[in-house]
Amino acid sequence: MSGQAAGWRPVRGITWTAAVVLLLVAVPLPGAAVDLAPRLQPTRSVYVPASGGTRLAVDLYLPDRAGQDRWPAILVSTRYGRRVERDIHDVAYFTGQGYAFVIVDSRGSGASFGTRDTELSSGEIADIGAVSRWIARQAWSNGRVALMGTSYSADAADLGTGTGAPPIRAAVIRFTESDPYLHNFFPGGVANTMLRDLWGMAVAGVDRSVGCVAEASACRDVPQLAPVDDDPDYAQLRRALREHLANARIDVDMLAITYSDDTLPGRPVTLSSRGTLAQMAQVARHRVPVLYSGSWLDAGTALSALRRYQQGGRIPARVLIGATDHGMRHGADPFRGAGHPGVPAPARLRALEHDFLQRALQGAAGRARRIDYAVMGSEVWRSTPSWPPAGVRETRWPLGADRQLGGDPVAGTVPYRVDLATSTGRSNRWRANMGVLPDFSAWAADTSRMLDFVSAPVATEQELVGEPRLELELRSSHEDGAVFAYLAVERGDRLHYVTEGMLRLIHRRSAAPATGAAHNFARAALLPMVPGESARLVIEFFPTAVRLAPGDRLHLLLAGADAGTFQRYPLHGDPVWKIAAGDSVLLLPLRDWQAGSATDAVTP
């Protein structure tokens, strides 16, 4: 492929500044209508004492309903600012349905006091339990609390279900990373430097807000900073910000991380340990019913939801996975083009959440467990109690020396000189996690930057659903490197992105079969390549669901870099690969297509 993005030339790019604004201020995506209506104001804003006496800034929104004075509450804990979360979470809708809505600045952020020694610290999560107990003691509370969040606030809410706080009865969890190492910061052991640098620098800047510390008049210009009611001159907020100056910086800490068991400098904490999967024993013990959502096209949010579901045992759970942006407000199905209305529509999604909360808060969630997912390239949603769904078979698609995919492979060696300028551009699934609309509509016909293996036309209608896997027999000229593998469907004259997987070569050692994973990414598993010697690599793709129509061709595209998103490996030199065709195979989860319709995720 040629051009800036090796075939990905995004319609909707984004600058560094715009990325930060989208992340931290949640402005509309390009083309979206701008809401100029007055913002809903809190009923009151106060400081609440939490773990260790740390004072946390809290916004409270009460319903305006005559004849009722005790309500269930929804609690959001955020490090992006209370008023930002107000707009993300449609507070007016939920208060209109009879919920009190409580938003708290997590410790070391916003107007709250305290410091942050890591993201999603044990103290930060304990605060969620403390605030839920404070809510239950209030005269307006009926004693029942549901946690809610999107992105980081969802990570916090998910972990909050493991606190054991009695008021917490339900959780709505949107777009999380249940393993921060594997699902976002180091997928396949490859460092996501874009996320590290953009997100890390953005939150560090807002946490410190040195302009506000220096001059009170500057505080009102930072939307993430909202003083409580008895702090009109920002004096307390500015004292809190001075404490934030001691916050750890994730963008700096991550420079010391390579392996999944690497700890943050000076602290016995790993990235994975701050995710829900590492704390599932405690989460499962309390069995808080959850409504989870994610997207096939948003970083690792679909994988996070599915792994959480699989490991959740008997936790009542419903999972919704669409083909959308980060937050499920805009559609991103590559077969339809980016920017179409999200499915389910935001109004339908809120109604589903309200219905779930009503049942869960009344103790009527039962034991139901199910996954609803969109099938890309179709209008169909399906429901399944298990993942992968029943009836899926693993099919083998060998790689041929003639660049054919599937059938009887031609034996031989396929050489490839890694092009380190190869890039998926500025609207890929990883920037989706930063608020960018994932857009793959401008794939170029020229695939010269990548190795492209192409199948014969598909003969029958099928559903590709599950987690593809690539077993690659490869020789490299270098000890280190990375393989990026992309699965795409050629329909007509267009190439449509489906999913991807990657692996840093030093992490190639196989994990113990009992783990169910291909690799464990631990320091003890380090296994550099021996230059010139063949090695078998297993590359796991992110989960997907897509309809294959008769005449479609499958493409497997291989690259050794994704410039602008991931760290280059090796740091010096230009690797040359030799792939053993015939001995390398793509494993695809397929089942025969069945006519279907939308579930109630789309229509009531």
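Using my numbering, read the sequence shown as starting at 1276 and increasing by one per residue. Glycine is no exception: its CB is placed at the ideal position from the N, C-alpha and C atoms. Being a predicted model, the structure only gives us computed values, none of them experimental.
What does a CB cutoff of less than 6 angstroms around D1334 pick up in its chain, not counting 5 residues either side in sequence?
Stepping through the sequence shown from its first residue, residue 1334 is reached at position 59. Correct list, in chain order: P1317, S1320, R1357 and I1378.
Give a yes or no on contact between the stretch 1468–1478 and the stretch 1576–1591, applying the rule of three or more CB pairs nearer than 8 angstroms.
no
In chain order, what residues of the same chain have a beta carbon less than 6 angstroms from the beta carbon of R1784, not counting five sequence neighbours either side?
Numbered from 1 along the sequence shown, position 509 holds the residue referred to as residue 1784. For R1784, where only same-chain residues beyond five positions count, the Cβ hits under 6 angstroms are A1800 and L1802.
Would you identify the three-state DSSP class for W1852, choosing helix, strand or coil?
Counting from one through the sequence shown, the residue named residue 1852 turns up at place 577. Residue state, collapsed to three classes: strand.
To the nearest angstrom, how far is the alpha carbon of P1543 from that of R1611?
As a working note, residue 1543 is residue 268 in the sequence shown. As a working note, residue 1611 is residue 336 in the sequence shown. Distance between the alpha carbons of P1543 and R1611 is about 46 angstroms.
Put R1828 into one of helix, strand or coil per three-state DSSP.
As a working mapping, residue 1828 is identified with position 553 in the sequence shown. Looking at R1828 - three-state DSSP - the assignment turns out to be strand.
DSSP bridge partner residues for P1881 (one or two, in chain order)
Nothing can be reported for residue 1881, as the shown portion of the chain is limited to 1276 through 1879.
Between which two residues does the beta strand (DSSP E) holding E1669 run?
The residue given as residue 1669 occupies position 394 in the sequence shown. From DSSP, the beta strand (DSSP E) with E1669 extends over R1668 to P1673.
Beta-carbon within less than 7 angstroms of P1235's beta-carbon, same chain only, minus the 5 sequence neighbours each way: which residues are those?
Nothing in the structure corresponds to residue 1235, since the chain is present only between 1276 and 1879.
With a cut-off of 8 angstroms on the beta carbons, I'd call P1850 and S1723 a contact; round off their distance for me.
Here the question's residue 1850 lines up with position 575 in the sequence shown. Here the question's residue 1723 lines up with position 448 in the sequence shown. Under the criterion of beta carbons closer than 8 angstroms, P1850 and S1723 do not qualify as touching, at roughly 17 angstroms.
Measure from the alpha carbon of R1657 to the alpha carbon of each residue in G1385, F1816 and E1738, then state which is nearest.
If you number the sequence shown from 1, residue 1657 lands on position 382. With distances taken between Cα atoms, R1657 lies closest to E1738.
Return the residue from the list P1845, P1788 and D1608 that minimises the CA-CA distance to A1763.
As a working mapping, residue 1763 is identified with position 488 in the sequence shown. Nearest option by C-alpha distance: D1608.
What is the DSSP secondary structure of L1581, reduced to helix, strand or coil?
As a working mapping, residue 1581 is identified with position 306 in the sequence shown. DSSP places L1581 in helix when its eight states are reduced to three.
Contiguous alpha helix (DSSP H) assignments of at least 4 residues, all confined to the stretch 1689–1752
1704–1707
Could you have a look at M1469 and say whether DSSP puts it in helix, strand or coil?
By one-based count along the sequence shown, residue 1469 stands at place 194. Looking at M1469 - three-state DSSP - the assignment turns out to be helix.
With distances taken Cα to Cα, identify the nearest neighbour of R1449 among D1430, V1465 and L1457.
Walking along the sequence shown from the start, residue 1449 turns up at place 174. When each option's Cα is compared against that of R1449, the closest is D1430.
For M1777, the three-state DSSP class (helix, strand or coil):
Locating residue 1777 in the sequence shown gives position 502, where the first residue counts as 1. In the structure shown, M1777 sits in a strand (DSSP, three-state: E or B).
Extent of the continuous alpha helix (DSSP H) to which V1435 belongs:
On the sequence shown, position 160 is the one that residue 1435 refers to. Strictly speaking, residue 1435 in this sequence is Gly, with Val absent from that position. Looking at the DSSP string, the run of the alpha helix (DSSP H) that includes G1435 is Y1427 to G1435.
Here's a check: name, in chain order, each residue in its chain whose Cβ is nearer than 6 angstroms to the Cβ of F1388, leaving out the five neighbours to either side.
Walking along the sequence shown from the start, residue 1388 turns up at place 113. Within the same chain, F1388 has close Cβ partners T1329, R1330, A1515 and E1518.
Output needed for K1853: all residues of its chain with C-beta closer than 6 angstroms, excluding positions within five of it in sequence on either side, in chain order.
The count along the sequence shown starts at 1 and reaches residue 1853 at position 578. Same-chain partners within the cutoff: T1688, P1690 and R1750.
Going by beta carbon distance, what residues of the same chain come within less than 7 angstroms of A1720, once the five residues before and after it are set aside?
Mapped onto the sequence shown, residue 1720 falls at position 445. Here A1720 scores only 47 on pLDDT, less than 50, and its place in the model is too uncertain to base an answer on.
Just to confirm before moving on: does the CB-CB distance between P1564 and A1635 stay below 8 angstroms?
The sequence position of residue 1564 within the sequence shown is 289, counting from 1. The sequence position of residue 1635 within the sequence shown is 360, counting from 1. The answer is yes: Cβ separation under 8 angstroms.
Given S1809 as reference, the closest of T1819, V1351, A1792 and D1858 once Cα atoms are compared
By one-based count along the sequence shown, residue 1809 stands at place 534. When only C-alpha atoms are compared, the closest one is D1858.
Does the separation of the CB atoms of D1677 and E1765 fall below 8 angstroms?
Position 402 of the sequence shown, counted from the start, is the residue given in the question as residue 1677. Position 490 of the sequence shown, counted from the start, is the residue given in the question as residue 1765. For D1677 and E1765, no; Cβs fall outside 8 angstroms.
Relative to the C-alpha of P1455, which residue among L1578, H1364, H1847 and L1770 is closest?
Position 180 of the sequence shown, counted from the start, is the residue given in the question as residue 1455. Considering only alpha carbons, the answer is L1578.
May I ask you to report which of helix, strand or coil DSSP gives I1532?
The residue given as residue 1532 occupies position 257 in the sequence shown. Residue state, collapsed to three classes: coil.
In angstroms with no decimal places, state the Cα-to-Cα distance between I1532 and D1755.
Sequence index remark: in the sequence shown, residue 1532 carries index 257 (1-based). Sequence index remark: in the sequence shown, residue 1755 carries index 480 (1-based). Distance between the alpha carbons of I1532 and D1755 is about 16 angstroms.
Other residues of its chain near A1307: CB distance less than 7 angstroms, five sequence neighbours each side excluded:
What you label residue 1307 is simply residue 32 of the sequence shown in a count that begins at 1. Model confidence at A1307 stands at a pLDDT of 41, short of 50, so the residue's coordinates are unreliable and nothing is read from them.
What is the DSSP secondary structure of G1480, counted as helix, strand or coil?
As a working mapping, residue 1480 is identified with position 205 in the sequence shown. It is helical.
Beta-carbon gap between M1725 and V1465 smaller than 8 angstroms:
For the purposes of this step, residue 1725 is identified with residue 450 of the sequence shown, where counting begins at 1. For the purposes of this step, residue 1465 is identified with residue 190 of the sequence shown, where counting begins at 1. No; because the gap between Cβ atoms is not below 8 angstroms, this pair is not in contact.
CA-CA distance, R1604 and G1614?
The residue you call residue 1604 lines up with position 329 of the sequence shown. The residue you call residue 1614 lines up with position 339 of the sequence shown. Rounded to whole angstroms, R1604 to G1614 spans 9 angstroms at the Cα level.
Given Q1343 as reference, the closest of N1417, S1384, A1405 and A1325 once Cα atoms are compared:
The sequence position of residue 1343 within the sequence shown is 68, counting from 1. The option with the nearest alpha carbon to Q1343 is N1417.
Could you tell me whether the Cβ atoms of C1487 and R1524 are closer together than 8 angstroms?
As a first step, residue 1487 must be located in the sequence shown, where it is residue number 212. As a first step, residue 1524 must be located in the sequence shown, where it is residue number 249. By the CB criterion at 8 angstroms, C1487 and R1524 fall outside the cutoff.
Going by DSSP, name the residue or residues bridged to I1596.
In the sequence shown, the residue the question calls residue 1596 occupies position 321. I1596 pairs with G1569 and Y1648.
In the DSSP output, which residue or residues are listed as bridge partners for L1863?
Position 588 of the sequence shown, counted from the first residue, corresponds to residue 1863. According to DSSP, L1863 bridges with T1670.
Between the alpha carbons of S1384 and A1792, how many angstroms are there, rounded?
One-based indexing of the sequence shown puts residue 1384 at position 109. One-based indexing of the sequence shown puts residue 1792 at position 517. Those two C-alpha atoms are separated by around 36 angstroms.
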